Structures are given as C-alpha cells and as structure tokens.
Ligand SMILES: Cc1cc2nc3c(=O)[nH]c(=O)nc-3n(C[C@H](O)[C@H](O)[C@H](O)COP(=O)(O)OP(=O)(O)OC[C@H]3O[C@@H](n4cnc5c(N)ncnc54)[C@H](O)[C@@H]3O)c2cc1C
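Right, dumping it as structure tokens:
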C-alpha cells in the first residue's frame, strides 16, 4: 500500500521576509501552507539590509513615484503592526557645494516625499542652515557645507525578528515551518506543479504533494527554477551591497546621515544602530557565488574613506570595524544600465509556462513585504480557484506587538533581570518577553544569568529552541537573541549559550564542541582583516 504524501495548498520556498510574509497571509486566509528554507530563517538577503523601513527617497530620482507611495503607506502600517520593532529615525542630508544633488533638487525631493506621505504619522522635513546643522552635529565636515535637510523615516534594528514573527504568526495560523530543508526538485504532472522534493540537514530526502509553489528564494530564485521541469529564462540580476559596523568614533553623529559619496556620487547611510554605527551600502553588479557573500576589501575601504571625509575627526581604520556584512539584492535582470537605476519594485511572476501553479517573487524590500505578500496570496486564490477571505495582515498585530506593557510589568515583578536586561528583552521580543520569564519561573535552571550580572537569562536560549525554531548556536546567537550583532559579536556569552543549548538539545561534549566551532567560524567570517 502506498502512503499518500502530505498535501499542501502552497509550498513557499524561502523563509526570508517575503516568504515569511506570504506564509502568514496565506495561513491567515485558511490555506494549508508549508515553508521550506535551505538554511535558517532570515539567513539570506533579509539579514543584510540597511535595516530601514523607508519610503525610498532615492527612488524619486528615478521617477518611481508609485513605489515611494507604496513604501510610505507600508511604513505607516508596519509602525502599527510591529510597533515594538519599527521605530522612527531622524535622517540628515548635508548639502555640500559642488555635489551632484544641489540644494534646490533636494528641497524639491523632500517636498514630494512629504506630499506622498500624506496622512502623516511622522513629521515632515525641515531645512537647516550651515550654523544650525553644525550646532547639532559638530563632528560634521564644515568645509564647503551649505546647509542640510532633515526628515523622518523608520528603522528596524533587528529585521531578523520581523521575519521570525511573521513565521510565528503563520505557524499559529496552521502553517508548517521547516528550516534547513533545501528544495532540490519541483515536479509537475499534466504541466501543473504537484510535488516538491527537499533534503534536510541529515541528507534525508522527503516529498510533499502541493497544489501551488511560491518561489521566494530571493537571489536564488533562478537556481530554484532550475529544479523545475522546464527551462526558464533568467529573472534575477542581483547587485551586491555591503555594510560595515563600527563603534561611536570622535565626532560621531547623533542622528542618521544620508550622504553623497565623493568617489561616485552614490548616496550612502551612516546610521546609529544597536549602540554602534551602521555604514553602507555599496551597489555593484554581482555574478559570483550566492553563498557566503562577504564585503570585499575595496567596498570596506570605500565606506571607511567616505565616512572619514564627512566626519573628519573619525579617523576610522580597518581595525575599528566590529564586523561587516554583505548580500545581493534580488533585482530583476537587466543586461545594461547603471545599477542604481534598476527598478526596486517587486514583480510577482507567474511561471505557468514552466508549470501551472508556480509563482516566483522578484525583488521586493523589507519595507513592502506585507503588501507583496497580500498581492501574492490574491494571486494564489486565482491559481487555486479558491475564494479566499480578505487579507487581514494590514491591521493584525504581529505576535510581539501585543501586551508590551503587561510584559514590562511581568518582567519587573519577576526580578530576574536588571533594568538594562529588561529593556533589552522588551526591545527584541516585545510582549513575548513575558513568556520567557514565565518559562523561567517554573525551572531554576532557566533562571541562571548567562553573564552573571542578570542581563541575560538561560531561559532565552531555551525559548529560542522550543518556541522559535532555532536549531544551531548560530541561529540562537545571530538570529534569535541578536547578541551576535553586538560590538563583540556576543563572544563573551558563547560558552554560557552553548551550555544552555547543549542541555536542551541533549548534545554530547563532542557535538557541543563542533557546534561551538561552527558558531565561532561564522562570527569570524564577518570580521574584516
Ligand atoms: C545591501 C542591501 C540593503 C538593503 N536595504 C534595505 C532597506 O534598508 N530597507 C528595505 O526595505 N529593503 C532593503 N533591502 C532589500 C531587502 O533586504 C530584500 O529585497 C529582501 O530582504 C529580500 O527578501 P527575500 O525574502 O525575497 O529574500 P531572502 O531574504 O534572500 O530569502 C530567501 C531565502 O530563500 C532560501 N533559499 C534559497 N534557495 C533555497 C532552496 N533551494 N530551498 C529552500 N530555501 C532556499 C534562502 O536560504 C533564503 O533564506 C536591502 C538589500 C540589500 C542587499
């Protein structure tokens, strides 16, 4: 007797922000969903962005008005449904004589940006003369400075948590989430998708029956399409972007800066982030391997030199860099033209010529993932010939956005954490922080402080394993507890995290050692030498 395969309305390939967003929307609308990622969730492009939830001021230069409008609308929405993660940020644009974008152009751009963000939830722009900006930001280069404009956008310190919370919401609505499961084949029957084959971390192969497939593999979209029964043309023409993370240098800015680089006229950001400064990005056509993408020395030198030019007392050197990260934007393939001119709009591509029921996601931004997901699920309804309920993601809060005040109270009463530790936990988990101390309340082993000072609890490690699909130390450190993005990459806590994880997983000493080494190797790979 043949055992029937587990059957899903949709298999979503990729647990980046787009796959996670689609999973949440589809599950909330009653579809039977499975998400497969070859790695951990949010281990691709979604973890290497500038971490801004922004209207995309620069897209105005390329006439992408609908994209700016959509982004500003989504920014407002994310500030509501993920208020614990998405915070306003004030950005300065200094204007220097001889720059490509002069005072008038920038002023006009800002007026258009304000108009497009009508029904404002953030204040509009203001113009500052030379003296005003120098008073506020005395570390800024004054040579050739004409003035500045200042505007508001939004920042998400940990995009990883946004992706995770979408997956948690999807799971609560019935979706199955499988990390470390690589899709190796998409099969079709009568020219319609019917089976997805994937391999797990131990090399075991599984098959599932599917009625549709969403290929949300980011820059790997073309690679995934190669596993489908018919040849596809090229869809993705990725560009690489790198960031460096440094400590607050002498004369470091209080606010964020958006500055035109002297070398090539590209604007780049210097952003206060996670008690450090995040500086980036570059934008370079990229044809090399998509796995283990690293910032090149030339990109790092460019970002260091441009920062030293704008903040002359910074004197940044390579040794000052805490870590760097890089990724590839999954942009639509264009043979020619400048990188910055490639549209940043997303395309929901039906691949019915390859197999009916197959859809690929091309492009997309963190900022607009929710709308992209809504449009994709609307498309799925047509593919599946199903009348689905209305999308609910616009107004339904993400899991951590509920009960933040109650969680604050709960943490205070528990007396398990310092004030600093409490603030940290709330900023990462929002209202879900309460569940961590509740878990600890029942088990003294989970009340152990990882740093000995009451700032981190062993319960957090166990929570990430039991509740947040973490399976490796790197998942826990870099994409759940977020300590991997601290100045020391969280290294002082690695031993304590590994012990707590080993107890939960039941690892033998040899396995704990292996997992520990993988964590250290990963952290080292982000170092700049
Ligand atoms: C340098 C840079 C800066 C950016 N800054 C911003 C910003 O400030 N604001 C903003 O809104 N946007 C920004 N973006 C854009 C945004 O980050 C991306 O467009 C978005 O994260 C893409 O998400 P995704 O889910 O499509 O892809 P990804 O996050 O790459 O997810 C794809 C997933 O698919 C998985 N996968 C691949 N192949 C397979 C397979 N065979 N089987 C199973 N799983 C597979 C991968 O492991 C990966 O997890 C930036 C992008 C870059 C590169």
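Numbering (the working numbering), first residue to last: -1 to 527. Glycine is no exception: its CB is placed at the ideal position from the N, C-alpha and C atoms. Only a predicted model underlies this, so the values are computations on that prediction, with no experimental measurement involved.
Only exposed fits residue 109, as fewer than 16 other CB atoms lie within 10 angstroms of its CB. In terms of side-chain proximity, the C-beta atom of residue 375 is found no nearer than 6 Å to any non-hydrogen atom of ligand 1.
Linking residue 466 to residue 23 through their CA atoms gives a straight-line distance of about 19 Å.
Annotated as distal: residue 225 and residue 207, with beta-carbon spacing of 7 Å or more. For the pair residue 464 and residue 15, the Cα-to-Cα distance works out to about 22 Å. Between the stretch 247 to 258 and the stretch 291 to 309, the count of C-beta pairs closer than 8 Å reaches three or more; the two stretches touch. Ranking 162, 1 and 89 by CA distance to the CA of residue 205 puts 1 first.
A residue is called buried when at least 16 other Cβ atoms come within 10 angstroms of its Cβ; residue 526 meets this threshold and is buried. The beta-bridge partner set that DSSP reports for residue 283 consists of 237. Within the stretch 204 to 263, the complete alpha helix (DSSP H) segments at least 4 residues long are 219 to 223, listed from N- to C-terminus.
Taking one beta carbon from each stretch, the stretch 344 to 353 and the stretch 368 to 381 have 3 or more pairs nearer than 8 Å; the two touch. Note that the stretch 162 to 178 does not touch the stretch 322 to 333; fewer than 3 beta-carbon pairs, one per stretch, sit closer than 8 Å. By the Cβ rule, the stretch 146 to 165 counts as touching the stretch 38 to 52, because three or more pairs are nearer than 8 Å.
Judged by DSSP secondary structure, residue 477 falls within the alpha helix (DSSP H) whose first and last residues are 471 to 477. C-alpha of residue 336 to C-alpha of residue 283: approximately 9 Å in a straight line.
Under a 10 Å Cβ-count criterion, residue 383 is classified as exposed, with fewer than 16 other Cβ atoms of the shown protein chains found around its own Cβ.
Two segments are said to touch when three or more pairs of C-beta atoms, one from each, lie closer than 8 Å; by this definition the stretch 59 to 72 touches the stretch 105 to 125. In this structure, residue 195 lies away from residue 356, with their beta-carbon atoms at least 7 Å apart. Residue state for residue 334 is assigned as coil, using DSSP reduced to three classes.
C-alpha of residue 470 to C-alpha of residue 27: approximately 32 Å in a straight line. In the DSSP annotation of this structure, the continuous segment of the beta strand (DSSP E) that includes residue 274 starts and ends at 274 to 278. The stretch 498 to 510 makes contact with the stretch 453 to 464; the number of CB pairs closer than 8 Å reaches 3 or more. Less than 7 Å divides the Cβ of residue 140 from the Cβ of residue 132.
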